Amino acid sequence: MKNLSNSLEIKSQKKNPALAILFSMLLPGMGELYGGNYQSGQYFTIAEAAFLGVYVGMNFYGDWKKDNYETFAGSAAGVDLKGKNEDYFGRIGEYKDIEQYNNIKALNREFNKMYDPAVFYWQWKNDEDRKNYRDMWLSSRHAYNNLRFVVGAMLLNRLTSAINAVRVVTAYNKSLESSDQTGLYFNANPDPNAVSSITVNFFTAF
15 MKNLSNSLEI
25 KSQKKNPALA
35 ILFSMLLPGM
45 GELYGGNYQS
55 GQYFTIAEAA
65 FLGVYVGMNF
75 YGDWKKDNYE
85 TFAGSAAGVD
95 LKGKNEDYFG
105 RIGEYKDIEQ
115 YNNIKALNRE
125 FNKMYDPAVF
135 YWQWKNDEDR
145 KNYRDMWLSS
155 RHAYNNLRFV
165 VGAMLLNRLT
175 SAINAVRVVT
185 AYNKSLESSD
195 QTGLYFNANP
205 DPNAVSSITV
215 NFFTAF
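Take any residue in the sequence shown, note its place counting from 1, add 14, and you have its number in the working numbering.
Written as structure tokens, this is what we have:
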């Protein structure tokens, strides 16, 4: 009965690998903390904090550059910023004005890509302004595009932490089973007419 009670107690103390995976996917390192070995999990948490900092910084930089190139387009090329999408802001950096752009599209018979001058007007004062604008636009796009790599690194960090958390939980559960399968018991002879004796037995279950 005592052995059964011990087995039930150990079973209740075992960790769930699925929970370890869930915790690590939510925040890397938490699966290891749940499994009782945050010493190995802390590096995943530190990496997550670093990736998050890089993501916030790059996103802020992209937004800052976007504000800069939109403001510059309004002042240096006469662009009305209202209702313009990213395709428009990308194209105006490649042509000196809307007339040049529409003429090229007409020659290529891409009439559906032509802009209404009354709505999408732009005209750079000089080629240097256009190039400066283009550089600002490219800097913003590169920052936004690089966010994908940061997100990929964060997902990989979570996956690696989840795998490690399962290993930690498995080791923890095995240590509980090992402690339950090794022990000592004493056997006293109950027969009053027999020679008094006590037998000490050491057992290990595999």
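Glycine residues also receive a C-beta, built at the ideal position from the N, C-alpha and C atoms. Here the structure is a predicted model, which means the values were calculated and not measured.
Which listed residue (the options) has its alpha carbon closest to that of residue i
{"i": "LEU152", "options": "TRP78, TYR129, MET44, ILE35", "result": "TRP78"}
{"i": "PHE37", "options": "ALA185, THR174, SER189", "result": "THR174"}
{"i": "GLY97", "options": "PHE86, TYR135, ASN73, TYR75", "result": "TYR135"}
{"i": "ARG155", "options": "ALA64, MET39, ILE35, GLY76", "result": "GLY76"}
{"i": "VAL133", "options": "SER54, TYR102, LEU40, GLY45", "result": "TYR102"}
{"i": "TYR52", "options": "GLU100, GLU191, VAL180", "result": "VAL180"}
Whole-angstrom distance between residue j and residue i, CA atom to CA atom
{"i": "PHE216", "j": "LEU170", "result": "Because the pLDDT of PHE216 is 42, which lies under 50, any placement of that residue in the model is unreliable, and the number read from its coordinates should be weighed accordingly. Rounded to the nearest angstrom, the two C-alpha atoms are 47 Å apart."}
{"i": "ASP141", "j": "TYR69", "result": "34 Å"}
{"i": "ALA32", "j": "ILE177", "result": "11 Å"}
{"i": "VAL93", "j": "GLU84", "result": "9 Å"}
{"i": "GLU62", "j": "THR184", "result": "24 Å"}
{"i": "ALA87", "j": "VAL164", "result": "30 Å"}
Collapsed DSSP secondary structure at residue i in the structure displayed
{"i": "ASP94", "result": "coil"}
{"i": "ASN178", "result": "helix"}
{"i": "ARG123", "result": "coil"}
{"i": "TYR147", "result": "helix"}
{"i": "MET39", "result": "helix"}
{"i": "ILE60", "result": "helix"}
Identified DSSP bridge partners for residue i
{"i": "GLN137", "result": "ASP111"}
The alpha helix (DSSP H) enclosing residue i, as first and last residue numbers
{"i": "ASP130", "result": "It is not in any alpha helix (DSSP H) - ASP130 carries neither H nor E in the DSSP assignment."}
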